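Enquirer: So the protein sequences, as listed, match chains A and B. Just so you know, our numbering puts the end of the first sequence at 238, numbered straight through with nothing missing. Just so you know, our numbering puts the end of the second sequence at 438, numbered straight through with nothing missing.
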Amino acid sequence: MGGHRRGLAFGTTALASAVLGCAAFAQQPTGPGAAPPGGDAASSPTGAASSPAATVGQRYAERFATVCAACHGANGRSDVPGTPVLAGQPSFYVITQLFLFREGRRDNEAMTAVAKGFTDNDLRGYSEYIGTLPPVPAPAPATPPDAVRMRQGLALAQQHKCFFCHGADLSGGQQVPRIAQQREEYLRASLQGFRTGTRPGYTQAMIGAVSQIPEQDLDTLAYFAANFTGPAAPPGK
Amino acid sequence: MNRIRTLTALATLCLMGAASAQQAPAEEPGWAKGRPKTDTAMKMAPVPAFPIPTAVDQLPVNKFKLPPGFKAEVWASGVLDARGLRQGPDNNIIVSTLFVGNKVYRIPETGKREAVVIIDKMPMAAGIEYHNGSLFVATNTQILRWDNVDGKLDSLGQGKVIYDKLPGGGDHSWKYLRVKNDRLYYEVGAPCNICDPGEWAKLYSIKLDGTDLQVMASGVRNTVGFDFDPKDGTIWFTDNGRDWFSEELPNDELNHITEPGKQHFGFPYCHQGNIPDSEFGWGKSCDDYAKPAALLGPHAGSLGLKFYTGKMFPEKYQGAMFIARHGPWNRTIKYADIQVAWPDGKGGARVEPFMTGFVENNNYLGRPVDFLVMKDGSLLVSDDHAGAIYRISYGN
């Protein structure tokens with residue numbers, strides 16, 4: 002075992018319908034984390050005023066609005082530099098990161114402070130709610146992305162097999178994050194963190210994937226993914 | 043090369059990219075070596091354990107099916123990533139973890155059976171053993187030993203590194219430990235799905251101070267479960283077969299060491315005793331390698347193996363070995379269960395199902411890993427998927 006996942010979905014409608022990335026297939030998103038909401042009853046220690054009748058989803062929608070939205074955006078698209086876009090992230094990915102923050106394994110003071118008090122049910126509730134947020138495209142840039150740099154980025158992404166795990170549309174799936182249209186400076190910091198070993202992954206996959214890539218190429222990859230708007234349909238299909 | 047060309051072509055087509063990679067594509071991870079480039083296979087990859095244990099009221103104990111007279115119950119829950127089980131001192135069970143936990147726990151056998159962390163922040167601390175007051179823990183890079191731990195499990199301090207020449211890495215590099223006659227037994231699996239493993243893919247033993255390394259068996263792709271037959275002291279071990287050959291082949295193996303150090307169990311040349319590898323099998327004959335005692339199913343993830351040494355179970359099970367099939371990640375149809383096997387006295391073994399019910403609608407509800415025979419003769423089973431330990435008992 003290792004802990005990567007991949008999948009090169011390839012085809013006509015499959016591409017449009019997003020490939021689910023490398024990730025999504027081997028298991029249904031059930032796992033222990035997909036426990037029915039019944040087990041969660043009234044266990045949230047903090048939080049948002051929620052009526053007893055509120056569903057778990059509603060409760061965590063409220064808590065997201067009060068706890069997360071200020072930095073990550075009400076719809077999950079952050080406009081705060083360094084703060085990642087959560088919209089469109091798979092819930093499995095979200096729960097692994099919240100877990101790493103809570104355990105202090107992923108180094109981020111603000112997030113560890115937030116996650117420290119989370120119960121297992123909180124991790125489940127937040128990640129399942131965030132998993133329901135649809136992807137939100139980045140605001141249109143003032144000038145179109147640099148075509149030469151995008152071509153370089155595409156070549157690098159192919160060379161380093163980014164699409165195998167993150168999907169042909171870079172939308173991620175399961176424990177693999179969506180990186181298409183993620184904030185560039187966040188992607189850059191993440192890649193550098195994997196390269197230097199300061200950012201542990203939930204698995205070793207990214208550390209293995211980027212440890213040999215030169216720094217400037219990682220910057221190009223970050224630029225590419227941040228500006229990536231999805232693969233075009235293959236010709237003739 | 044064909045594979046690489048195909049992948050490049052696919053990715054290029056997908057993206058309609060005009061650019062071409064100037065450098066050679068990056069190496070595939072070890073587990074992906076040999077994977078067919080079909081859509082179905084390309085969707086399969088190891089799935090890490092979920093970071094949250096299943097809530098106690100949702101554990102699948104009511105789904106389990108056992109032979110008449112046996113009963114399974116939750117012995118401990120909330121044990122994130124529960125892997126190896128060993129009897130510790132002071133009425134504690136020691137529990138290891140693998141990719142998620144980075145911890146070793148103790149769980150008191152009496153009172154509140156909650157996991158207490160005794161080692162923290164130690165990645166891949168999967169191999170554990172307790173022997174005569176000493177605790178052994180093996181990661182993928184080294185073996186540590188703590189002496190005089192009785193009464194001191196909660197304040198272990200720094201362990202002494204007794205062996206640091208393990209190869210590390212992520213593929214089949216985690217450990218399973220047992221002590222017998224003042225020697226510590228462990229394995230180093232192949233650093234890949236299928237490859238020339240070089241000096242690895244062996245089962246070893248060393249003295250308890252880390253010296254006097256000896257090879258016990260070669261050609262062992264990845265064993266994560268072995269035990270000594272209480273009748274004659276010989277080693278029986280599970281061995282995970284290669285991936286990506288086909289959905290139904292090859293089987294995992296149950297193997298028996300009858301000539302320590304001399305037998306080669308086939309990897310990477312021959313699988314399940316009768317299938318030459320499609321790449322490494324050329325020029326080799328399966329007859330030159332030790333045959334498995336039994337086959338354990340394709341991609342079964344056969345892990346923990348324990349001879350039943352208790353008295354609680356019916357006579358039929360005394361001297362039998364229990365085998366945990368963790369279940370496949372790279373097979374369309376999932377399965378996971380506990381098997382029971384008996385040496386047949388003729389070099390083979392008879393195997394039958396013992397406990398089923400870990401899979402529902404092709405999804406894992408639990409995945410068994412390792413065993414411990416308790417003092418009362420009941421059998422503990424760890425489940426890393428659900429973060430739980432079950433107790434199997436017989437009669438009242």
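No residue lacks a Cβ here, since even glycine has one placed at the ideal position from N, Cα and C. None of the values given here were measured: they were computed from a predicted structure.
1) I'd like to confirm the pairing. Which residues does DSSP put opposite histidine 313(B) in its beta bridges?
2) Can you list the residues of chain A that proline 90(B) reaches, using a CB-CB cut of under 7 Å?
3) Quick one: what does DSSP say proline 340(B) is sitting in, helix, strand or coil?
4) Report the three-state DSSP secondary structure of methionine 151(A) (helix, strand or coil).
5) On a CA-only basis, which of Glu402(B), Lys358(B), Gly408(B) and Asn372(B) is nearest proline 385(B)? Give me that one, please.
6) What are the start and end residues of the beta strand (DSSP E) that includes phenylalanine 112(B)?
7) Among the candidates Ala87(B), Gly437(B), Met354(B) and Ala428(B), whose CA atom is the shortest distance from the CA of aspartate 99(B)?
8) Let me know the secondary structure DSSP gives lysine 249(B) once reduced to three states.
9) Would a check of beta-carbon distances place phenylalanine 65(A) closer than 8 Å to chain B?
10) Do you know how far the Cα of arginine 78(A) is from the Cα of proline 140(A)?
11) Give a yes or no on whether 8 Å exceeds the smallest Cβ distance from isoleucine 131(A) to chain B.
12) Quick check on phenylalanine 225(A) - is its C-beta less than 8 Å from some C-beta in chain B?
13) Answer with yes or no whether the minimum CB distance from aspartate 147(A) to chain B is below 8 Å.
14) In whole angstroms, give me the CA-to-CA distance for tyrosine 406(B) and alanine 66(A).
15) In its own chain, which residues sit with a C-beta less than 7 Å from the C-beta of threonine 96(B), not counting the 5 before and 5 after it?
16) In angstroms with no decimal places, state the Cα-to-Cα distance between methionine 354(B) and isoleucine 380(B).
17) For glycine 231(B) versus asparagine 264(B), is the C-beta spacing smaller than 8 Å?
18) Can you tell me whether glutamine 90(A) is buried or exposed? The criterion is at least 16 other CB atoms within 10 Å of its CB, across all chains shown.
19) Whole beta strand (DSSP E) runs in the region 190-228 of chain B with 3 or more residues, listed along the chain?
20) Can you have a look at aspartate 132(B) and say buried or exposed, based on whether 16 or more other CB atoms are within 10 angstroms of its CB?
21) Can you list, in chain order, the residues of its chain whose CB lies under 7 Å from that of aspartate 269(B), leaving out five sequence neighbours each side?
22) For isoleucine 131(A), does the three-state DSSP call read helix, strand or coil?
23) Given valine 142(B), which residues of its chain have a CB within under 7 Å of its CB, disregarding the five upstream and five downstream residues?
24) For glycine 39(A), which of helix, strand or coil comes out of DSSP?
25) Report the three-state DSSP secondary structure of histidine 173(B) (helix, strand or coil).
26) Looking at the secondary structure, which residues open and close the alpha helix (DSSP H) in which methionine 207(A) lies?
27) Is there a C-beta anywhere in chain B that falls below 8 Å from the one on arginine 196(A)?
28) Under a CB-based cut-off of 8 Å, is threonine 97(A) close to chain B?
29) Cutting at 6 Å between CB atoms, please list the residues of its own chain near proline 82(A), excluding the five before and the five after it.
30) Under 8 Å, Cβ to Cβ, is there at least one residue of chain A near tryptophan 212(B)?
31) Using DSSP bridges, identify the partner residues of tryptophan 278(B).
32) Which residue wins for smallest C-alpha separation from histidine 368(B), given the options Pro318(B), Leu337(B), Leu345(B) and Asn438(B)?
Expert: Based on what the coordinates show:
1) Ile317(B)
2) Gly4, Gln176, Tyr203 and Thr204
3) strand
4) helix
5) Lys358(B)
6) 112-118
7) Ala428(B)
8) strand
9) no
10) 10 Å
11) no
12) no
13) no
14) 33 Å
15) Ala428, Gly429 and Ala430
16) 18 Å
17) yes
18) buried
19) 202-205 and 220-222
20) exposed
21) Arg220, Trp278, Leu347, Lys348, Phe349 and Met363
22) helix
23) Pro90, Ala91, Pro93, Leu122 and Asp123
24) With a pLDDT of 37 at glycine 39(A), under the threshold of 50, the predicted position of this residue should be treated as unreliable, though the coordinate-derived value follows. Of the three classes helix, strand and coil, the one that applies to glycine 39(A) here is helix, per DSSP.
25) strand
26) 206-211
27) no
28) yes
29) Glu186
30) In the sequence as presented, tryptophan is not what sits at residue 212(B); that position holds glycine. So, interface residue.
31) Asp269(B) and His298(B)
32) Leu345(B)
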